[in-house]
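Q: If you scroll down you'll find the structure; I have some questions about it.
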Amino acid sequence: MATTTEEKKVSYDTIHRNGPWPVEVLYRTRLASRNASADTRSDALRRYNDAGEEIQRLLQACLDDPKKPRFRAYGSSWSLSKVVHSDRMHFNAPMNVKIPLETDDLHSNTRYQHENLFFFQCGNTVKEISRQLKKTGKSLKMSGASNGQTIAGAVSTGVHGSALKAGSIQDCVVGIQLIIGPKPEDRVYLEKASDPALSDGFAQQLHCRVIRNDGLFQAALVSMGGFGFIAGLVIEAEDQFLLKRYTKHIKPKDALKLAQTLDFKNSAFTIDGEKHPDGSGKTPYHYKLYINPYNQKEDYLTEIIYRHPYRTNYPKPQPLVEKFIYTDMPGWIAKLVTVDFKRIPKLMKLMQGTLFPKVDQVTEGTLGEIFWDTTIKGNSAGFAWAFGVDQSNATKAIQLFIELANQKGPVPGAIGVRFIPATQATLGFTKFPMTCIVEMDGLQWQPMRVPWGKRKSGLGWRKRQMPSMKAFEKEIVKGLQKAGIPFTWHWGKNCAWEHPGLVKHMFGERMEEWMRYRSALLRPETAHLFSNDFMDITGLSAYTPPDSEMPFS
Amino acid sequence: MKTNAIFSVKLRPVVLALLLAVTLSSCYSVRIVSRDGEPEKKAVSSDAGFYRDKVAHRQDTTITLNPIQSDFSLVDPVCPYGFYSVEYRVSLGQALLNMITFGKVKKVKIIYVCNKDC
Ligand SMILES: Cc1cc2nc3c(=O)[nH]c(=O)nc-3n(C[C@H](O)[C@H](O)[C@H](O)COP(=O)(O)OP(=O)(O)OC[C@H]3O[C@@H](n4cnc5c(N)ncnc54)[C@H](O)[C@@H]3O)c2cc1C
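As given, the protein sequences belong to chains A and B, one line each in that order. Count along the first sequence from 1, then add 1; that gives the number in my numbering. Count along the second sequence from 1, then add 1297; that gives the number in my numbering.
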């Protein structure tokens, strides 16, 4: 039997120290032991279903508590926003059953091939999944820049890479198994009516009722934990392929033109060995830019990756030695930044080697090998911002961000730019036909008044103050609004989430649509159970009485 | 001149002790990491750097060998699915102890992370 340990009054923190936040109860569920004498599939089903029952027991305990605590599952704690935080939190990284699917498990009208469909329990990480798929010569279609997220965590916030054709991670999902409460009918298997994948018979083996509804499926994809506990996901994989990765300097003019058009065929920037016979550039699998916002004379850096057929004889791309900076170093830098923030540009120049990938590197490997492990460096707190704009606004948005960083900052971080085709998820932040994500990763800072600054004529010394992180986040939001650039924001990253009407501004009618589907799926008490402060602040937690147009409710 | 001499005489042992403490405790470490392994993760991130998100086990012990014993194995009781990483730390003091006991007393300081049950 699955067993859960409970820790009371815990202080929860993210991997990048964006907390700590108080948690009333922290649950960790360990799966039932394997039965070596049973066959792999029936044993996987037994352990999976048993874990589901355990989750339902925990949900019942929350509902029975007169204080009506709220419950939220979490995976690797890689989200930097408070999206993950709640009264009671459930750590589900150990829940990593893999259920082998058989041909009979497929829906009779499915367009999917049996060998491409895989069922993973929520706590499988992207790395585990890549390893599992590799065993049968398969691969995920895309991933983020690294591989440590759990599949449920990654799908729930809409993790993306910069794959120009493959979309975001939720776009590989074709079925979702949710636990939406403690009752037997609260085990639900969800997929699209227009695009079924698995049979009712399979869902019965998971003790689930089946809902096939396109709108509900799309709403539940990027749900930030608000649609209940994701027990498992059906993923469509594809044949293994190789990625050849180049890191090159690129002239800002060429980089921005490519950002605006993604027209690699007619670009002045080409890579030897990745050209058409007529000499024009091929369209890559992935295109990413790295920009130091404080040195506009310098070339940008691009990570450009081309897709090639799989072969076995390639040198493994992971390094044999990884070197890390002193644990305390980011902490010192953060302190230095606080005391004299005007030094940030100089520090960035000094740190360029650790902030950006090495230039003129060529490596080749599978998706899982190229987007490999990330190790946390140092002891200081980090932040990450990532906003999405339509690709046609890419140049405007990048320039606006650089200007803000220089005029209102400087702030300690480097800019990245990635591109992702439209997601099907209702609240997926990669919602534009081609979304350009403009992001900054850096060190958290505390503003401090500095008594030296620009002299204002006649008024004596003016105190030049570094903006707080919150204030700077607001500046970005206001800057984009003022410039009339429609935008979205990564759910798992830092933002001025409390900015009035932010989610409505970003998603328009999709916000209400998402909330209507959520209300139709959940009951008032379970809608409360699966809400949190983040959803309250962003206005997503409100329960609206179910719509008669939604027959599944 | 006089005060300087007093200082140096009085301070010499302190400075020496400090130097010795720093040198003997200064250590170097080697960590080997599995490329394809999946580390067992902590429910709540703590610590800094490499071990922030990983469940780290620590072995800090002294092994004494008798005259006819040449080496030893530490048998791990907690990683049924193998190791994700193993870090061995040794300080100058520990190396000296090993040397003056002709290799018979070994201070062992290891930090290791188990693979997740995949
Ligand atoms: C080093 C690093 C690199 C990153 N790289 C990228 C990148 O390249 N691209 C990108 O888009 N993002 C990136 N991010 C952001 C990160 O990948 C996302 O925030 C992702 O959601 C984290 O996954 P997780 O498993 O840690 O989920 P968590 O952060 O633990 O949870 C995320 C959300 O998922 C929900 N959730 C988790 N499990 C369940 C479940 N079983 N049922 C219901 N809800 C659940 C949680 O409630 C929460 O709302 C990165 C973050 C870090 C720290």
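The beta carbon of each residue, even a glycine, is placed where N, CA and C say it ideally should be. Everything numeric in this text was worked out from a predicted model, so none of it was measured.
1. May I ask whether a heavy atom of ligand 1 can be found less than 7 Å away from the beta carbon of Thr527/A?
2. Helix or strand or just coil, what does DSSP make of Tyr518/A?
3. Under three-state DSSP, which class holds Thr218/A?
4. Compare the C-beta of Thr271/A against all C-beta atoms of chain B and say whether one is closer than 8 Å.
5. Can you tell me which of Lys505/A, Lys494/A, Trp492/A puts its alpha carbon nearest to the alpha carbon of Gln482/A?
6. Using only the heavy atoms of ligand 1, determine whether one of them is closer than 7 Å to the beta carbon of Arg71/A.
7. So, helix, strand or coil for Leu1362/B, using DSSP?
8. Apart from the five residues on each side of it in sequence, which residues of its chain come closer than 7 Å, Cβ to Cβ, to Lys1339/B?
9. Of all the CB atoms in chain A, is at least one closer than 8 Å to the CB of Leu1415/B?
10. Looking at the unbroken beta strand (DSSP E) that takes in Lys283/A, where does it start and where does it end?
11. Could you list which residues in chain B have their beta carbon closer than 9 Å to that of Arg29/A, in chain order?
12. Would you decide whether Thr427/A is buried or exposed? Buried here means 16 or more other CB atoms lie within 10 Å of its CB.
13. What does a CB cutoff of less than 6 Å around Lys1406/B pick up in its chain, not counting 5 residues either side in sequence?
14. Keeping to the same chain, check which residues put their C-beta closer than 8 Å to that of Ser12/A; ignore five residues upstream and five downstream.
15. Can you round the beta-carbon distance between Met435/A and Ile416/A to whole angstroms, since I take them to be within the 8 Å contact cut?
16. Quick one: is Ser78/A near chain B, going by C-beta distance under 8 Å?
17. Does the Cβ-Cβ distance between Val149/A and Thr126/A come in under 8 Å?
18. Looking only at DSSP bridge pairs, what is Met90/A linked to?
19. Going by the C-beta, is Ser77/A closer than 7 Å to any heavy atom of ligand 3?
20. By alpha-carbon positions, which one of Ala74/A, Ser393/A, Lys475/A, His500/A ends up nearest to Ile538/A?
21. Does the separation of the CB atoms of Gly226/A and Arg73/A fall below 8 Å?
22. Taking contact to mean at least 3 C-beta pairs separated by less than 8 Å, is the segment 88-98 of chain A in contact with the segment 205-221 of chain A?
23. In this structure, does DSSP put Glu323/A in helix, strand or coil?
24. Arg132/A versus chain B: which residues are under 8 Å apart at the beta carbon?
25. Suppose contacts are defined by Cβ-Cβ distances below 8 Å. Is Thr637/A in contact with Ser77/A by that definition?
26. Would you report the Cα separation of Leu207/A and Gly354/A, rounded to the nearest angstrom?
27. Among residues of its own chain, excluding the 5 on either side of Pro1374/B, which ones have a beta-carbon nearer than 6 Å to its beta-carbon?
28. Taking the alpha-carbon of Asn1363/B as reference, which of Ser1388/B, Gly1390/B, Thr1398/B, Leu1394/B has the nearest alpha-carbon?
29. Smallest Cα separation from Gly414/A: which of Ile403/A, His309/A, Phe420/A, Thr424/A?
30. Any heavy atom of ligand 1 closer than 7 Å to the CB of Gln150/A?
31. Does the beta carbon of Ile16/A sit closer than 8 Å to a beta carbon anywhere in chain B?
32. With which residues is Asp442/A paired in a DSSP beta bridge?
33. Compute the minimum distance between the beta carbon of His287/A and the heavy atoms of ligand 1, and state whether it is under 7 Å.
34. Compare the Cα-Cα distances from Ala164/A to each of Leu356/A, His287/A, Gly176/A and report the closest residue.
35. Ligand 1 and Thr158/A: does any heavy atom of the ligand fall closer than 7 Å to the residue's C-beta?
36. For a test of the three-state rule: what should DSSP assign to Ile371/A, helix, strand or coil?
A: Taking the structure as given:
1. By 1-based counting over the first sequence, the position of residue 527/A is 526. The closest heavy atom of ligand 1 lies 7 Å or more from the beta carbon of Thr527/A.
2. Counting from one through the first sequence, the residue named residue 518/A turns up at place 517. The three-state secondary structure of Tyr518/A, taken from DSSP, is helix.
3. The sequence position of residue 218/A within the first sequence is 217, counting from 1. Note that residue 218/A is Phe in the sequence shown here, rather than Thr. Looking at Phe218/A - three-state DSSP - the assignment turns out to be helix.
4. Within the first sequence, numbered from 1, the residue matching residue 271/A stands at position 270. So no, Thr271/A is outside the interface.
5. Here residue 482/A corresponds to residue number 481 of the first sequence, with the count starting at 1. Nearest in C-alpha terms to Gln482/A, of all of Lys505/A, Lys494/A, Trp492/A, is Lys505/A.
6. Here residue 71/A is taken as the residue at index 70 of the first sequence, counted from 1. Every heavy atom of ligand 1 is 7 Å or more from the Cβ of Arg71/A, so no.
7. Along the second sequence, read from residue 1 onward, the residue named residue 1362/B stands at position 65. Leu1362/B falls in the coil class under three-state DSSP.
8. Translated into the one-based positions of the second sequence, residue 1339/B becomes position 42. If we look at Lys1339/B and ignore the five residues flanking it on each side, its Cβ neighbours are Asp1350, Lys1351, Val1352.
9. Here residue 1415/B is taken as the residue at index 118 of the second sequence, counted from 1. The sequence shown places Cys at residue 1415/B, not Leu. At a cut-off of 8 Å between beta-carbon atoms, Cys1415/B makes contact with chain A.
10. Sequence index remark: in the first sequence, residue 283/A carries index 282 (1-based). Looking at the DSSP string, Lys283/A is not in any beta strand (DSSP E), and its letter there is neither H nor E.
11. What you label residue 29/A is simply residue 28 of the first sequence in a count that begins at 1. Those within 9 Å of Arg29/A in chain B are Ala1340.
12. The sequence position of residue 427/A within the first sequence is 426, counting from 1. It is buried - the Cβ of Thr427/A has at least 16 other Cβ atoms within 10 Å.
13. One-based indexing of the second sequence puts residue 1406/B at position 109. Taken in chain order, the residues that qualify are Asp1357, Arg1386.
14. By 1-based counting over the first sequence, the position of residue 12/A is 11. Non-local beta-carbon contacts of Ser12/A in its own chain, meaning distances under 8 Å to residues more than five positions away in sequence, involve Gly20, Pro21, Trp22, Pro23, Val24 in chain order.
15. As a first step, residue 435/A is located in the first sequence; it is residue number 434 there, counting from the start. As a first step, residue 416/A is located in the first sequence; it is residue number 415 there, counting from the start. The distance from the Cβ of Met435/A to that of Ile416/A is about 19 Å, inconsistent with a contact at the 8 Å cut-off.
16. As a working note, residue 78/A is residue 77 in the first sequence. Closer than 8 Å to the CB of Ser78/A there is at least one CB belonging to chain B.
17. Residue mapping note: residue 149/A aligns to position 148 of the first sequence, counting from 1. Residue mapping note: residue 126/A aligns to position 125 of the first sequence, counting from 1. Reading off the sequence, residue 149/A comes out as Gly, not Val. The Cβ atoms of Gly149/A and Thr126/A lie closer than 8 Å to each other.
18. Along the first sequence, read from residue 1 onward, the residue named residue 90/A stands at position 89. DSSP lists Leu27/A, Arg73/A as partners of Met90/A.
19. Ligands present in the displayed structure are limited to ligand 1, and ligand 3 is not among them.
20. Translated into the one-based positions of the first sequence, residue 538/A becomes position 537. Checked all of Ala74/A, Ser393/A, Lys475/A, His500/A; the closest Cα to Ile538/A is His500/A.
21. Position 225 of the first sequence holds residue 226/A. Position 72 of the first sequence holds residue 73/A. At the C-beta level, Gly226/A and Arg73/A come within 8 Å of one another.
22. No, because fewer than three Cβ pairs between the segment 88-98 of chain A and the segment 205-221 of chain A fall closer than 8 Å, the two stretches do not touch.
23. Here the question's residue 323/A lines up with position 322 in the first sequence. In this structure, DSSP gives Glu323/A a state outside helix and strand, which the three-state scheme calls coil.
24. Here residue 132/A refers to the residue found at position 131 of the first sequence. Going along chain B in sequence order, the residues near Arg132/A (Cβ under 8 Å) are Asp1333, Glu1335, Cys1415.
25. Residue 637/A lies beyond the residue range present for chain A, which begins at 2 and ends at 554; the question has no answer from this structure.
26. Counted from its first residue, the first sequence places residue 207/A at position 206. Counted from its first residue, the first sequence places residue 354/A at position 353. Computed Cα separation, rounded: 50 Å.
27. Here residue 1374/B corresponds to residue number 77 of the second sequence, with the count starting at 1. Nothing listed; no residue qualifies.
28. Within the second sequence, numbered from 1, the residue matching residue 1363/B stands at position 66. Nearest to Asn1363/B by C-alpha distance, out of Ser1388/B, Gly1390/B, Thr1398/B, Leu1394/B, is Thr1398/B.
29. Residue 414/A sits at position 413 when you count from the first residue of the first sequence. It is Ile403/A.
30. The residue you call residue 150/A lines up with position 149 of the first sequence. Relative to the non-hydrogen atoms of ligand 1, the Cβ of Gln150/A comes within a distance shorter than 7 Å of at least one.
31. Within the first sequence, numbered from 1, the residue matching residue 16/A stands at position 15. Closer than 8 Å to some Cβ of chain B, the Cβ of Ile16/A qualifies, so yes.
32. Mapped onto the first sequence, residue 442/A falls at position 441. Beta bridge pairing from DSSP links Asp442/A with Ala385/A, Ala415/A.
33. Along the first sequence, read from residue 1 onward, the residue named residue 287/A stands at position 286. Not so, every heavy atom of ligand 1 lies at least 7 Å from the Cβ.
34. To locate residue 164/A, count along the first sequence from 1; it is residue 163. Sorting Leu356/A, His287/A, Gly176/A by C-alpha distance to the C-alpha of Ala164/A places His287/A at the top.
35. Mapped onto the first sequence, residue 158/A falls at position 157. Yes, since a heavy atom of ligand 1 falls inside the 7 Å radius drawn around the Cβ of Thr158/A.
36. In the first sequence, counting from the first residue as 1, residue 371/A sits at position 370. Ile371/A: helix per DSSP, three-state reduction.
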